[in-house]
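Chemist:
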Amino acid sequence: MNLAKTLIALSISCGAAAHAQSGPPSLKINDGYIFQPLKGSNATAGYGILKNVSGKDAALTVVSAEGFGAVELHETVPVDGLMKMRRIENFHLGKDASFELKPGGNHVMLFDPTKDFKEGDTVHVNFKLDDKSVAVPFQVRLRNKPAKAQR
Amino acid sequence: MIPGFTVKALAISFVAAAFCSLGLIWYLTYEPPVGGDFSLTYRGNEWRLSQNAKELNILYFGYTKCPDVCPLTLSHAGQAFHGLTEDEAKRVHLLFLSVDRDNDVPEDVANYAAHFFPSFLGLSGTREQIDKTIAMYHASYIIEKDEKSHLGYSIAHTDRLFFLNNNGVVQATISNPRSSEEIIKTIKEHL
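Line order of the protein sequences matches chains A and B.
Note that the first sequence covers residues 1 to 151 in the working numbering.
Note that the second sequence covers residues 1001 to 1191 in the working numbering.
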């Protein structure tokens, strides 16, 4: 089941990346997801495991995301007993290295949704790997699913 | 020396030493209760713990525009509540207090909290009420301007669930909750 989802995510990733640029994809994502924006908040976050397949070390920046007014890279860090979130200009991705975006750590922060999102919708997030543009798909996931139903 | 006096003096000394030792142990180990009653607002109406407390009350501090830590903790708490029996779920609720007085609208705070589980209450308050409650539980938050961010600010805050009895006194805490299992276990231990 997980293998099937991983393969689907990878194939979508390759397709989207190919859509955003000519030539082979430079960035792949495994299990990319964005939590459905919640009523009462204008912000949500995206996670997944990115892999730099550009053949060289590169700086990852984020440019835009379909259906959102703004998007940023953020990290969450403990500082003096408090959890602090701060904007990061770029993440360094080593050649062929994986980089995890995970809850409570590094993440893509998305602001001001311009439409309603349903579970399973795909949101293409547009990154730049150095100067090269690449779109990566994230699946919309529900926040409040009971544990038994959560993957 | 009078033998009787010596025995009496020794006995008094022994008793005094014992009291001193007990007092010292009490002094070194005593932890005053943390928490108490507090007053806030719910959807713009006055809300007081002592008038709304359940057998167990779980308190969390955060803000609705926090995209990562708050929803992560609240999601685990919501999942924990889904794991309770109907009777257990009636005896406990979660109180989410927004510390973002300037940007969080009380209606939004209430709707946001209820999204994670229907009985979760999203509470607001005046800056004074918020700070008084924060201080009562030895928690804290710092609002920092961040001109480079779309939001323009961020709030560093305590990421901890406080489990309170019906008087608001802390019975247990979980820092940085990252699973629902520990929350379920702690709820069941205190019901």
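Every residue, glycine too, gets a C-beta built ideally from N, C-alpha and C.
These figures come from a predicted structure and were not determined experimentally.
Examine chain A for any beta-carbon lying closer than 8 angstroms to the beta-carbon of Y964/B, and answer yes or no.
Modeler: Outside the shown range of chain B (1001 to 1191) lies residue 964/B, about which nothing can therefore be said.
Chemist: Quick one: grab the DSSP three-state call for T1133/B.
Modeler: Against the second sequence, residue 1133/B aligns to sequence position 133. T1133/B: helix per DSSP, three-state reduction.
Chemist: Using DSSP's beta-bridge definition, name the partner residues of T1041/B.
Modeler: The residue you call residue 1041/B lines up with position 41 of the second sequence. According to DSSP, which records beta bridges pairwise, T1041/B is partnered with E1046/B and S1124/B.
Chemist: Is there at least one Cβ from chain B nearer than 8 angstroms to T44/A's Cβ?
Modeler: As a working note, residue 44/A is residue 44 in the first sequence. Interface residue, yes.
Chemist: Note down the Cα distance separating G948/B from S1154/B, rounded to an integer number of angstroms.
Modeler: Nothing can be reported for residue 948/B, as the shown portion of chain B is limited to 1001 through 1191.
Chemist: Using a Cβ-Cβ distance cut-off of 8 angstroms, determine whether F1014/B contacts chain A.
Modeler: Within the second sequence, the letter at position 14 stands for residue 1014/B. By this cut-off, F1014/B is not an interface position.
Chemist: Can you tell me whether P78/A is helix, strand or coil according to DSSP?
Modeler: Counting from one through the first sequence, the residue named residue 78/A turns up at place 78. Strand.
Chemist: Does K1090/B have its Cβ less than 8 angstroms from a Cβ in chain C?
Modeler: Given the protein chain composition of this structure (A and B), no chain C is represented.
Chemist: My assumption, with CB atoms under 8 angstroms, is that V1109/B sits in contact with L1123/B. Please give the rounded CB distance.
Modeler: Working through the second sequence from its first residue, we reach residue 1109/B at position 109. Working through the second sequence from its first residue, we reach residue 1123/B at position 123. With 8 angstroms as the limit, V1109/B and L1123/B qualify as a contact, their Cβ atoms being about 7 angstroms apart.
Chemist: Under 8 angstroms Cβ to Cβ from V63/A, same chain only, skipping five residues before and after it: list those, please.
Modeler: Here residue 63/A refers to the residue found at position 63 when the first sequence is read from its first residue. Excluding sequence neighbours, V63/A sits near V71, N126, F127, K128 and S133.
Chemist: Tell me, please, which residues DSSP counts as bridged to L99/A.
Modeler: Taking the first sequence and counting its residues from 1, the one referred to as residue 99/A is at position 99. Strictly speaking, residue 99/A in this sequence is Phe, with Leu absent from that position. Per DSSP, L50/A.
Chemist: What is the DSSP secondary structure of L1151/B, reduced to helix, strand or coil?
Modeler: Here residue 1151/B refers to the residue found at position 151 of the second sequence. In this structure, L1151/B counts as coil in the three-state DSSP scheme.
Chemist: Indicate whether at least one CB of chain B lies closer than 8 angstroms to the CB of R86/A.
Modeler: Counting from 1 along the first sequence, the entry for residue 86/A is found at position 86. Judged by the 8 angstroms Cβ criterion, R86/A is in contact with chain B.
Chemist: Name the chain A residues that come within less than 8 angstroms of A1172/B, Cβ to Cβ?
Modeler: Along the second sequence, read from residue 1 onward, the residue named residue 1172/B stands at position 172. Simply none; closest approach about 18 angstroms.
Chemist: Classify Y1076/B as helix, strand or coil using the three-state DSSP reduction.
Modeler: Translated into positions along the second sequence, residue 1076/B becomes position 76. Per the sequence presented here, residue 1076/B reads as His, with Tyr not at that position. DSSP places H1076/B in helix when its eight states are reduced to three.
Chemist: Does DSSP put N1165/B in a helix, in a strand, or in coil?
Modeler: Within the second sequence, residue 1165/B is the residue found at index 165, counting from 1. N1165/B: coil per DSSP, three-state reduction.
Chemist: I need the straight-line Cα distance from V140/A to D112/A, nearest angstrom please.
Modeler: For the purposes of this step, residue 140/A is identified with residue 140 of the first sequence, where counting begins at 1. For the purposes of this step, residue 112/A is identified with residue 112 of the first sequence, where counting begins at 1. Between V140/A and D112/A, the C-alpha separation is close to 15 angstroms.
Chemist: Using 8 angstroms as the Cβ pair cut-off and three pairs as the minimum, do the segment 1101 to 1117 of chain B and the segment 1043 to 1060 of chain B touch?
Modeler: Yes: the two stretches touch, three or more of their Cβ pairs being nearer than 8 angstroms.
Chemist: If the cut is a Cβ gap below 8 angstroms, which residues of chain A does S1140/B touch?
Modeler: Indexing the second sequence from 1 puts residue 1140/B at position 140. In chain order: G81 and L82.
Chemist: For chain B, check one thing: does any of its Cβ atoms lie closer than 8 angstroms to the Cβ of E66/A?
Modeler: As a first step, residue 66/A is located in the first sequence; it is residue number 66 there, counting from the start. Not closer than 8 angstroms to any Cβ of chain B, the Cβ of E66/A fails to qualify, so no.
Chemist: Out of V1069/B, T1173/B and R1048/B, point me to the one whose CA is closest to V1034/B's CA.
Modeler: As a working mapping, residue 1034/B is identified with position 34 in the second sequence. Taking only the C-alpha atoms, the option nearest V1034/B is T1173/B.
Chemist: May I ask you to report which of helix, strand or coil DSSP gives E1031/B?
Modeler: As a position in the second sequence, residue 1031/B is number 31, starting the count at 1. Here E1031/B sits in coil by DSSP.
Chemist: Residues of chain A with CB under 8 angstroms from T1158/B, in chain order?
Modeler: Position 158 of the second sequence, counted from the first residue, corresponds to residue 1158/B. Chain A residues near T1158/B: G81, L82 and M83.
Chemist: I'd like the span of the beta strand (DSSP E) that includes H1093/B, first residue to last.
Modeler: Sequence index remark: in the second sequence, residue 1093/B carries index 93 (1-based). Counting along the chain, the beta strand (DSSP E) containing H1093/B begins and ends at V1092 to S1098.
Chemist: Pull the bridge partners of Q139/A from the DSSP assignment, please.
Modeler: Along the first sequence, one-based indexing puts residue 139/A at 139. Answer by DSSP bridge pairing, in chain order: Y33/A and T122/A.
Chemist: Measuring only the C-alpha atoms, how far is A97/A from K51/A?
Modeler: The residue given as residue 97/A occupies position 97 in the first sequence. The residue given as residue 51/A occupies position 51 in the first sequence. Taking the straight line joining both Cα atoms gives about 6 angstroms.
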